[in-house]
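K.L.:
Numbering-wise (my numbering), the sequence shown opens with residue 4 and increments by one. C-beta atoms are modelled at their ideal positions from N, C-alpha and C, and glycine is treated no differently.
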Amino acid sequence: MLEVPVVPAPVRSERRDGPPFVLRPGVRVLVGEDPAAVAVAVLAATQVGRQVNAPVAVTQDDDGGAGVIELRLTTDPAHLPVPPGVAPALATEAYRLAVDARRIVVTALDATGLLRGLATLEQLARPAGADGVSFAPVLVVDHPRYAWRGLCLDLARHYFDADAVKSVVRLLFSLKLNVLHLHLTDDQGWRVHLPSRPELTARSGRTGVGGDPAGFLTAEEYADLVAYAAALGVTVVPEIDMPGHVNAALHAYGELAPSGTPAPAYTGVGVGFSRLDAQLPATAAFIEAVFGDIVRMTPGPYVHIGGDEALTMHAAEYDGLVGLAAGTVNAAGKAVVSWQEAARAPLPPGSILQFWDDRDERGEIGAVVAAAAAGARVVLSPAARLYLDTRYDADFPIGQDWAGYLTLRDAYDWEPATLLPIPADQVLGIEAALWTETVRTRQDLFLMLLPRLAAVADVAWAAPEVRSWSAFLERLPRLGSRWDDAGLPWYRAALDGAGDA
Ligand code: TNX
């Protein structure tokens, strides 16, 4: 049994001698004056309050006493320590967690690091009889491998409401994943209300795969969700997919279709058939309006413009439409993210390409490699490893199999740095995807995610030196009981035979 059983595996962790820290009523959260750190302290006090069943005070006065959870910001990396050469984007998430019988001390350079330390602390909580909860004495010093550790959630094929998405956000937080990419639009539905094009949700908000019940996020719900995620250190990256995957838009606005009349709603699961049309006068205004709205509604630094599977469009038209979307996003000060198909299109400097189709049927890998050589950053979402809509095995009742089957070990046992022949520092990180053509319920959603998302988290966060399949398997049952306690369904059979060589 590992001594400090945390997922993802910390860079350095050791169990210390001595009695545990026991949570008791009267426990206080001590913090300095930084407002972001105070916000984390309030969050921690709320969490701890639930555990001890009593209100927990946040204080800025250190009386030197015991029973304190201290959140300490420092400007000195030597206090953590973050090794020299670690990029600033990674250092902001670094933390040091020291637990002894008197105090829990989380130290970080940034409030985000405090959040990561709390995520580790949460996993160390153990039931302690009538006393409630205890934490074994440990020292953990930790920072992430990759800055972008994401999940793409498809709300367009099947809709999941804001509460369901928030439970996904809490899960991301607990696994130290920090990007929630929301695939908000597709052929089957449009899932966010945009003030300049209200018919998108009025007509396409309630359609979805198979005629199943659907819905959409109001602008207020979207803002609330983004803020909720931000408080947990998770950045929402909204995607409006175009110039393909747009039937929902053509269903709402007939002016976007060559016929001039609205396209019928689409409830199937095909891809690649719908497209915007650069010849139509309404098209450019539509692109500028929808991306203008979403950049204004999104405080985070990224907006995803889609760009995948516009299979019926020639390059010049594609480049023009993608260029217009990218320019609109970029002019508003956001970095453009797009699927790999846009690698050949003119994208602004600083753009991010999301690699997904490792079958390379259309020879796009070469374009991604060339774009990376020219400076593009790359997020890796290889379908064979990270498409969590893929069936675990042939008997698994839901999911796709075009990328094969995806066992827990497949999701764990691969190395991002050597996936593509591109410079290691052009790899911004990795992102799993949950497409929802076959995913209809909350139960389906979590069964597809868990336990594989824990493997994704380890690949994204853990240093190569500490990653180990056997150690990961030892830590999983503990995580599984946490999911049970949280009421999250997970696929237990993924562990059957997983330990076999
Ligand atoms: C490919 S991945 C798609 C999605 C589908 C998914 C199904 C990508 C950029 N496009 O539209 O939902 O496969 O697995």
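Classify residue 210 as buried or exposed, calling it buried when 16 or more other Cβ atoms lie within 10 Å of its own Cβ.
P.N.:
So residue 210 ends up on the buried side.
K.L.:
Restricting to Cα atoms, I'd like to know which of 430, 418, 447 and 429 is closest to residue 458.
P.N.:
Closest option to residue 458, Cα to Cα, is 418.
K.L.:
Cβ of residue 416 within 7 Å of any heavy atom in the ligand TNX?
P.N.:
Answer for residue 416: no, Cβ out of range of the ligand TNX.
K.L.:
Does residue 498 come out as helix, strand or coil in the three-state DSSP assignment?
P.N.:
Reduced to three states, the DSSP call for residue 498 is helix.
K.L.:
Classify residue 189: buried if its beta carbon has 16 or more other beta carbons within 10 angstroms, exposed otherwise.
P.N.:
Label assigned to residue 189: buried.
K.L.:
In the stretch 236-262, which residue ranges form an unbroken beta strand (DSSP E) of at least 3 residues, counting only runs that do not cross its ends?
P.N.:
List check, beta strand (DSSP E) in window: 238-245.
K.L.:
Any C-beta of chain C sitting closer than 8 Å to the C-beta of residue 79?
P.N.:
The chain labelled as chain C is not found in the depicted structure, where only one protein chain is given.
K.L.:
Is any heavy atom of the ligand TNX found at a distance shorter than 7 Å from the C-beta of residue 274?
P.N.:
Yes, Cβ of residue 274 sits closer than 7 Å to a heavy atom of the ligand TNX.
K.L.:
Could you check if residue 314 is buried or exposed, using at least 16 other CB atoms within 10 Å of its CB as the buried criterion?
P.N.:
Exposed is the call here.
K.L.:
Which of helix, strand or coil does DSSP assign to residue 416?
P.N.:
Residue state, collapsed to three classes: coil.
K.L.:
Is the distance from the Cβ of residue 476 to the Cβ of residue 452 below 8 Å?
P.N.:
In this structure, residue 452 does not lie closer than 8 Å to residue 476 by Cβ.
K.L.:
Among the residues of its own chain, which have a CB less than 8 Å from the CB of residue 370, if the five just before and after it don't count?
P.N.:
So the list reads 343, 346 and 347, once near-sequence residues are dropped.
K.L.:
Assuming contact is defined by CB atoms lying nearer than 8 Å, are residue 160 and residue 179 in contact in what I supplied?
P.N.:
Contact: no.
K.L.:
For the beta strand (DSSP E) that residue 62 lies in, which residues bound it at each end?
P.N.:
It spans 60-62 - the beta strand (DSSP E) in which residue 62 sits, taken as one unbroken run.
K.L.:
Use the C-beta contact count for residue 282: other C-beta atoms within 10 angstroms, 16 or more gives buried, fewer gives exposed.
P.N.:
It counts as exposed.
K.L.:
The alpha helix (DSSP H) with residue 461 in it runs from where to where?
P.N.:
Segment 455-464, the alpha helix (DSSP H) holding residue 461.
K.L.:
Apart from the five residues just before and just after residue 501, which ones in its own chain have a Cβ nearer than 7 Å to its Cβ?
P.N.:
Excluding residues within five positions, the ones whose Cβ falls inside 7 Å are 411, 412 and 476.
K.L.:
At a threshold of 7 Å, does residue 493 count as lining the ligand TNX (C-beta to nearest heavy atom)?
P.N.:
No, the ligand TNX has no heavy atom inside 7 Å of this Cβ.
K.L.:
Give me the Cα-Cα distance between residue 42 and residue 258, rounded to the nearest whole angstrom.
P.N.:
The straight-line gap from Cα to Cα measures roughly 47 Å.
K.L.:
Just the C-alpha distance for residue 469 and residue 262, rounded to the nearest angstrom, thanks.
P.N.:
Taking the straight line from one Cα to the other gives about 58 Å.
K.L.:
Could you check if residue 1 is buried or exposed, using at least 16 other CB atoms within 10 Å of its CB as the buried criterion?
P.N.:
Because the chain spans 4 through 504 in this model, residue 1 falls outside it and cannot be assessed.
K.L.:
Taking 7 Å as the limit between beta carbons, can you name the residues of its chain near residue 293, skipping five residues before and five after?
P.N.:
These residues qualify, in order along the chain: 197, 200 and 243.
K.L.:
Can you determine whether any heavy atom of the ligand TNX sits closer than 7 Å to the C-beta of residue 193, and answer yes or no?
P.N.:
Because no heavy atom of the ligand TNX lies under 7 Å away, the Cβ of residue 193 does not count as near it: no.
K.L.:
Following a CB-centred definition, is residue 224 positioned closer than 7 Å to any heavy atom of the ligand TNX?
P.N.:
Answer for residue 224: no, Cβ out of range of the ligand TNX.
K.L.:
Could you check if residue 405 is buried or exposed, using at least 16 other CB atoms within 10 Å of its CB as the buried criterion?
P.N.:
It is exposed - the Cβ of residue 405 has fewer than 16 other Cβ atoms within 10 Å.
K.L.:
Nearest-angstrom Cα distance between residue 255 and residue 360?
P.N.:
Spanning the two alpha carbons is a distance of roughly 30 Å.
K.L.:
Please name the residue or residues paired with residue 128 in a DSSP beta bridge.
P.N.:
Residue 128 is bridged to 138.
K.L.:
Between residue 4 and residue 225, what straight-line distance do the alpha-carbon atoms span, to the nearest angstrom?
P.N.:
Caution applies to residue 4, whose pLDDT of 40 falls short of 50 and renders its modelled position unreliable; the value that the coordinates give is listed next. Cα-Cα distance, rounded: 42 Å.
K.L.:
Can we count residue 390 as close to the ligand TNX, meaning its CB is less than 7 Å from some heavy atom?
P.N.:
Checking the Cβ of residue 390 against the ligand TNX gives yes.
K.L.:
So, is residue 380 buried or exposed, given that buried needs 16 or more other C-beta atoms within 10 angstroms?
P.N.:
With 16 or more other Cβ atoms within 10 Å, it is buried.
K.L.:
Cβ atoms of residue 277 and residue 143: under 8 Å apart, would you say?
P.N.:
Cβ atoms of residue 143 and residue 277: not closer than 8 Å.
K.L.:
Going by the DSSP bridge assignment, what does residue 403 pair with across the sheet?
P.N.:
Looking at the DSSP assignment, residue 403 forms a beta bridge with 393.
K.L.:
Pull up the distance between the alpha-carbon of residue 162 and that of residue 194, whole angstroms please.
P.N.:
Their Cα atoms are separated by approximately 8 Å.
K.L.:
Is the beta carbon of residue 183 less than 8 Å from the beta carbon of residue 203?
P.N.:
No, the Cβ-Cβ distance between residue 183 and residue 203 is not below 8 Å.
K.L.:
Please classify residue 115 as buried or exposed, where buried requires at least 16 neighbouring CB atoms within 10 angstroms.
P.N.:
Answer is buried; the Cβ neighbour count reaches 16.
K.L.:
Run the CB neighbour count on residue 317, radius 10 Å, all protein chains shown included, and call it buried at 16 or more, exposed below.
P.N.:
Answer is exposed; the Cβ neighbour count stays below 16.
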